[in-house]
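Novice:
Number of protein chains: 2
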Amino acid sequence: MSPQRERILKAAAALFAREGYHGAGMARLEQEVGLKRGALYHHIGNKESLLYEISRTQLEHMVGISTRIAAEAPDEAACLRLMARALLRNIADHRVEWTVHYRDFNALTGERLRHVLELRDRYAEIWQRVYASGAARGLFQPAEPRVAVLGILGMFNYSYLWIEGDGRLDTDRIADLYCDIFLRGVLLAPHPPPPPDEE
Amino acid sequence: MSPQRERILKAAAALFAREGYHGAGMARLEQEVGLKRGALYHHIGNKESLLYEISRTQLEHMVGISTRIAAEAPDEAACLRLMARALLRNIADHRVEWTVHYRDFNALTGERLRHVLELRDRYAEIWQRVYASGAARGLFQPAEPRVAVLGILGMFNYSYLWIEGDGRLDTDRIADLYCDIFLRGVLLAPHPPPPPDEE
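So the sequences go chain by chain: X and L. Per full-length UniProt numbering, the first sequence runs over residues 1 to 199. Per full-length UniProt numbering, the second sequence runs over residues 1 to 199.
#1: Leaving out five residues before and five after X/Glu182 in sequence, what residues of the same chain have Cβ atoms less than 6 Å from its Cβ?
#2: In terms of DSSP beta bridges, what is X/Phe140 paired with?
#3: Could you tell me the alpha carbon to alpha carbon distance between X/Thr67 and X/Met83, rounded to whole angstroms?
#4: Which two residues bound the contiguous alpha helix (DSSP H) that contains X/Ile54?
#5: Anyone know if the C-beta pair for X/Glu30 and X/Leu15 falls short of 8 Å?
#6: Classify L/Glu30 as helix, strand or coil using the three-state DSSP reduction.
#7: What in chain L is Cβ-close to X/Gly151, meaning under 7 Å?
#8: Whole angstroms is fine: what's the gap from X/Arg7's alpha carbon to L/Ile54's?
#9: How many Å lie between L/Gly138 and L/Leu188 at the Cα?
#10: Can you list, in chain order, the residues of its chain whose CB lies under 7 Å from that of X/Lys47, leaving out five sequence neighbours each side?
#11: Helix or strand or just coil, what does DSSP make of L/Thr109?
#12: Grab the span of the alpha helix (DSSP H) containing L/Ala12 for me, first residue to last.
#13: Report buried or exposed for L/Asp104, applying the criterion of at least 16 other Cβ atoms within 10 angstroms of its Cβ.
#14: Count the other C-beta atoms from every protein chain shown that fall within 10 angstroms of the C-beta of L/Met180, then say buried if there are 16 or more, exposed otherwise.
#15: Thinking C-beta only, is X/Tyr123 closer than 8 Å to X/Leu59?
#16: Within the continuous alpha helix (DSSP H) that includes L/Tyr41, where are the two ends?
#17: Using the rule of at least 16 other Cβ atoms within 10 Å of the residue's Cβ for burial, across every protein chain shown, is L/His42 buried or exposed?
#18: Can you give the Cα-Cα distance for X/Leu113 and X/Tyr102, rounded to whole angstroms?
#19: With DSSP as the reference, label X/Trp162 as helix, strand or coil.
#20: Buried or exposed: which applies to X/Gly38, given that a residue is buried once 16 or more other Cβ atoms fall within 10 Å of its Cβ?
#21: At a CB-CB cut-off below 7 Å, which residues of chain L make contact with X/Val147?
#22: Identify each residue in the segment 73-107 of chain L for which the Cβ-Cβ distance to at least one residue of chain X is less than 8 Å, and report them in chain order.
#23: Taking L/Lys10 as the reference, give the member of L/Trp98, L/Leu161, L/Pro142, L/Arg184 with the closest Cα.
#24: Which residues of the UniProt domain "HTH tetR-type" (2-62) of chain L have a Cβ closer than 9 Å to any Cβ of chain X? Give them in chain order.
#25: Quick check on the DSSP output: the alpha helix (DSSP H) that includes residue 204 of chain L runs from which residue to which?
#26: Identify the contact partners of X/Glu164 in chain L, using a Cβ-Cβ distance below 8 Å as the criterion.
Structure, rendered in structure tokens:
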């Protein structure tokens with residue numbers, strides 16, 4: 001992403017998170033990024049494109065990371081732990097963008113709304129496949145993988161309302177605590193220790 | 001609550017959930033409830049009062065129910081299970097109101113914003129007190145009760161995005177599943193079966 005584009009998206013996310021998408025004035029955004037409307041829209045498109053790019057960027061990033069983790073993790077429990085750390089890090093690092101997403105994704109229309117919801121589903125499906133694979137191997141309790149995964153995703157996703165982005169140690173510690181609880185809750189045998197991190 | 005007032009709040013919640021608080025036109029609400037602006041505001045106040053009443057009503061209801069459950073439940077695990085069922089029932093029954101809350105509570109100002117955030121804190125504190133009491137009695141693992149409770153609240157609260165309000169059986173089943181996972185994850189001894197429901 002070009003630095004100019006990144007700077008515009010960051011400012012737009014901060015403005016939308018603060019005032020809501022519908023409430024946010026574009027004149028204010030022009031002021032904050034120091035560009036006139038024409039230059040602004042040259043870089044991004046229109047106001048709805050800004051909202052779309054804010055959600056799309058984070059969701060595609062998370063789908064990419066998790067696809068890679070799922071391909072490389074030694075087993076399903078380790079995979080859930082690594083995906084959990086990656087998710088909580090991202091929410092802490094991009095709390096503003098996730099606030100905008102959860103607050104106003106419904107303000108998107110047509111193809112943009114469809115794509116953002118599809119990305120959210122694709123992300124949840126990665127978790128569901130890992131969970132279902134663990135259940136099929138007799139590691140996790142087999143009941144209702146979709147509902148179980150929506151539960152653990154809720155533990156993490158709800159954190160955009162309270163997480164403080166003050167460092168990896170904290171978010172990793174919280175991610176590990178939630179995975180300890182969740183895995184102890186669903187594992188059919190005693191749960192293994194956290195895997196070494198990949199970063 | 002008077003039937004007229006209840007009808008106005010219900011229509012306002014549906015409108016705000018659909019179009020966002022800032023995006024929702026009051027002319028549309030007048031049309032939908034069949035009242036002119038003056039009559040509308042006579043019943044509720046102004047547009048921000050509508051937003052405030054939508055959140056306040058559900059939050060006060062949940063604080064009230066949970067305070068009662070916490071006073072009457074036989075033990076901490078049973079208490080968490082009953083509070084969980086009550087919460088998921090309420091989210092399924094009032095998904096529209098919770099959508100408005102999470103989407104636009106930030107659009108509230110001054111005393112109204114302060115009061116809504118205080119109610120949300122008071123509700124979480126009821127859960128935290130129950131959890132801390134269980135930890136003090138050696139039932140639950142003692143690590144980080146606040147973070148643990150934010151996790152289980154996340155499992156439930158995130159459901160406003162996906163829960164279908166199609167009957168008690170379903171929401172109770174999901175609440176029980178999440179409590180099974182959470183309690184198995186935090187209990188220091190094997191977890192007891194679900195208690196009989198109080199309703």
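Glycine residues also receive a C-beta, built at the ideal position from the N, C-alpha and C atoms.
Specialist: Reading from the atomic positions:
#1: Here residue 182 of chain X refers to the residue found at position 182 when the first sequence is read from its first residue. The sequence as given places Phe at residue 182 of chain X; Glu does not occur at that position. Closer than 6 Å at Cβ, skipping near neighbours: Ile152.
#2: For the purposes of this step, residue 140 of chain X is taken as the residue at position 140 of the first sequence. In the DSSP output, where bridge partners are listed per residue, X/Phe140 has X/Leu187.
#3: Along the first sequence, read from residue 1 onward, the residue named residue 67 of chain X stands at position 67. Along the first sequence, read from residue 1 onward, the residue named residue 83 of chain X stands at position 83. Their backbone Cα atoms lie some 9 Å apart in a straight line.
#4: Taking the first sequence and counting its residues from 1, the one referred to as residue 54 of chain X is at position 54. Bounds of the alpha helix (DSSP H) holding X/Ile54 are 47-72.
#5: Residue mapping note: residue 30 of chain X aligns to position 30 of the first sequence, counting from 1. Residue mapping note: residue 15 of chain X aligns to position 15 of the first sequence, counting from 1. No, Cβ-Cβ distance for X/Glu30 and X/Leu15 is not below 8 Å.
#6: For the purposes of this step, residue 30 of chain L is identified with residue 30 of the second sequence, where counting begins at 1. The answer is helix: DSSP assigns L/Glu30 an H, G or I state.
#7: On the first sequence, position 151 is the one that residue 151 of chain X refers to. By Cβ distance, chain L contributes Met155, Tyr178, Ile181.
#8: Start at 1 with the first residue of the first sequence, and residue 7 of chain X comes out as number 7. Start at 1 with the first residue of the second sequence, and residue 54 of chain L comes out as number 54. Cα-Cα distance, rounded: 36 Å.
#9: Sequence index remark: in the second sequence, residue 138 of chain L carries index 138 (1-based). Sequence index remark: in the second sequence, residue 188 of chain L carries index 188 (1-based). The straight-line gap from Cα to Cα measures roughly 7 Å.
#10: Walking along the first sequence from the start, residue 47 of chain X turns up at place 47. Excluding sequence neighbours, X/Lys47 sits near Met26.
#11: Start at 1 with the first residue of the second sequence, and residue 109 of chain L comes out as number 109. DSSP places L/Thr109 in coil when its eight states are reduced to three.
#12: As a position in the second sequence, residue 12 of chain L is number 12, starting the count at 1. In the DSSP assignment, L/Ala12 falls within the alpha helix (DSSP H) that extends over 3-19.
#13: Mapped onto the second sequence, residue 104 of chain L falls at position 104. Buried.
#14: For the purposes of this step, residue 180 of chain L is identified with residue 180 of the second sequence, where counting begins at 1. Strictly speaking, residue 180 of chain L in this sequence is Asp, with Met absent from that position. The residue in question, L/Asp180, is buried, as its Cβ has 16 or more Cβ neighbours within 10 Å.
#15: For this step, residue 59 of chain X is matched to residue 59 along the first sequence. For this step, residue 123 of chain X is matched to residue 123 along the first sequence. Yes, the pair counts as a contact, with Cβ atoms nearer than the cut-off.
#16: The sequence position of residue 41 of chain L within the second sequence is 41, counting from 1. Per DSSP, L/Tyr41 belongs to the alpha helix (DSSP H) from 37-44.
#17: In the second sequence, counting from the first residue as 1, residue 42 of chain L sits at position 42. So L/His42 ends up on the exposed side.
#18: On the first sequence, position 113 is the one that residue 113 of chain X refers to. On the first sequence, position 102 is the one that residue 102 of chain X refers to. So the two alpha carbons sit approximately 13 Å from each other.
#19: For this step, residue 162 of chain X is matched to residue 162 along the first sequence. Reduced to three states, the DSSP call for X/Trp162 is coil.
#20: In the first sequence, counting from the first residue as 1, residue 38 of chain X sits at position 38. The Cβ neighbour count for X/Gly38, taken over all protein chains shown within 10 Å, is under 16; the residue is labelled exposed.
#21: Position 147 of the first sequence, counted from the first residue, corresponds to residue 147 of chain X. Near X/Val147 (Cβ distances below 7 Å), the residues of chain L are Ile174, Leu177.
#22: Tyr102, Arg103, Asp104, Asn106, Ala107
#23: Translated into the one-based positions of the second sequence, residue 10 of chain L becomes position 10. For the set L/Trp98, L/Leu161, L/Pro142, L/Arg184, the Cα lying nearest the Cα of L/Lys10 is the one of L/Trp98.
#24: When CB distances to chain X are screened at a threshold of 9 Å, the residues of the UniProt domain "HTH tetR-type" (2-62) of chain L falling below it are Ala17, Arg18, Glu19, Gly20, Tyr21, His22, Gly23, Ala24, in chain order.
#25: The requested residue 204 of chain L does not occur in the structure, where chain L is confined to residues 1 to 199.
#26: Stepping through the first sequence from its first residue, residue 164 of chain X is reached at position 164. Under the 8 Å cutoff, chain L gives no residues; its nearest Cβ is about 11 Å from X/Glu164.
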